[in-house]
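Participant: Residue numbers (the working numbering): -5 to 215.
Think of the CB as a built atom: it goes at the ideal place given N, C-alpha and C, for glycine as much as any other residue.
Mind looking over this structure? Questions follow.
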Amino acid sequence: MRSLAGIPDPGPAAMKPMDTPARQPLSTPVPLPEPAEASSSRHGSSALAHVAQVRELFWHNVVREMLMGLSVMSLQRSRLPGIEAQRIDAPEGSVQTADPEADDMFDGRLAIITALGQRVPIADVQPLFGCSINTDDASRALSADVQCSVFRIETPNGETYTLPIHEIRGMHSISPELLQRVEAAAEAQQTRRGDPKRPFGFAAFTKTQSQDASDLYYPPE
């Protein structure tokens, strides 16, 4: 039989369906090894995150020490309202008078800068929770975690702000001498507590009983 185009028709016998290859059983895909670049990038990101956490902790401790130094100065100022006021310290018997320069520390020349960029002048500052609870280990650890982490700041015009230290992004002063006096007050408070001498802001990087002694950032004393 010929087709209309003159090409021989292969006929029905030649028109056989093509054989379908047998379907291979599905197998569990073998995971490809992680490229060295990806592994290095992942570990690098983890190291950078750790550095960022350490830097944030250091800044929080700087803010805490400064505000605690101001708090001590404010408390002494409230107890000794004038240069004529005196008190006797036992057992040394030393006479202390109010600092005549203390007033310029709390007239708005010192201020904190919030995360929103607001300047809050300081007339008085006190920690919302500034003590330790030693009833049991759990209470002691919890109080150590939150101690001096929130401060109540009163402004010269009578406004009151209650702020956690992670919302404080800066300390502002109209002169460097004021900040130097704040740092000196904080270091003096550290000495009175009997703490070892450390650089300003490094008190948070000391080893406690609950911290790993092998941690690089908490070396054993």
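1) Got a sec? Which residues, its chain only, sit under 8 Å from residue 39 by beta carbon, not counting five neighbours each side?
2) Between residue 180 and residue 59, which are expected to be in contact by the criterion C-beta below 8 Å, what is the C-beta distance as a whole number of angstroms?
3) When the distance is taken between beta carbons, is residue 64 closer than 8 Å to residue 167?
4) Would you grab the beta carbon distance between residue 108 and residue 147 for me? Rounded to a whole angstrom, and I think it's under 8 Å.
5) From residue 49 to residue 55, what does the alpha carbon distance come to, in whole angstroms?
6) Assuming residue 114 contacts residue 149 under a Cβ cut-off of 8 Å, what Cβ separation, rounded to an integer in Å, is found between them?
7) Over what stretch of residues does the alpha helix (DSSP H) that includes residue 105 continue unbroken?
8) In whole angstroms, what is the alpha-carbon distance linking residue 151 and residue 61?
9) Per DSSP, residue 157 is paired with what?
10) Reducing DSSP to helix, strand and coil, say where residue 229 ends up.
11) Where residue 53 and residue 129 are concerned, what is the direct C-alpha to C-alpha distance, given to the nearest angstrom?
12) Compare the C-alpha of residue 119 against each of 110, 131, 106, 127 and name the closest.
13) Can you check DSSP and say which residues form a bridge with residue 115?
14) According to DSSP, simplified to helix, strand and coil, what is residue 152?
15) By alpha-carbon positions, which one of 66, 46, 44, 141 ends up nearest to residue 175?
16) Classify residue 42 as buried or exposed, calling it buried when 16 or more other Cβ atoms lie within 10 Å of its own Cβ.
17) From 57, 71, 140, pick the residue whose C-alpha is nearest to that of residue 101; which is it?
18) Going by DSSP, what residue range makes up the alpha helix (DSSP H) through residue 136?
Facilitator: On the basis of the coordinates in this document:
1) none
2) 4 Å
3) no
4) That belief does not hold up - the Cβ atoms of residue 108 and residue 147 are roughly 10 Å apart, past 8 Å.
5) 10 Å
6) 6 Å
7) Careful: residue 105 lies outside any alpha helix (DSSP H), inside the beta strand (DSSP E) at 104 to 108.
8) 19 Å
9) 145
10) Nothing can be reported for residue 229, as the shown portion of the chain is limited to -5 through 215.
11) 30 Å
12) 106
13) 105
14) coil
15) 66
16) exposed
17) 71
18) 131 to 140
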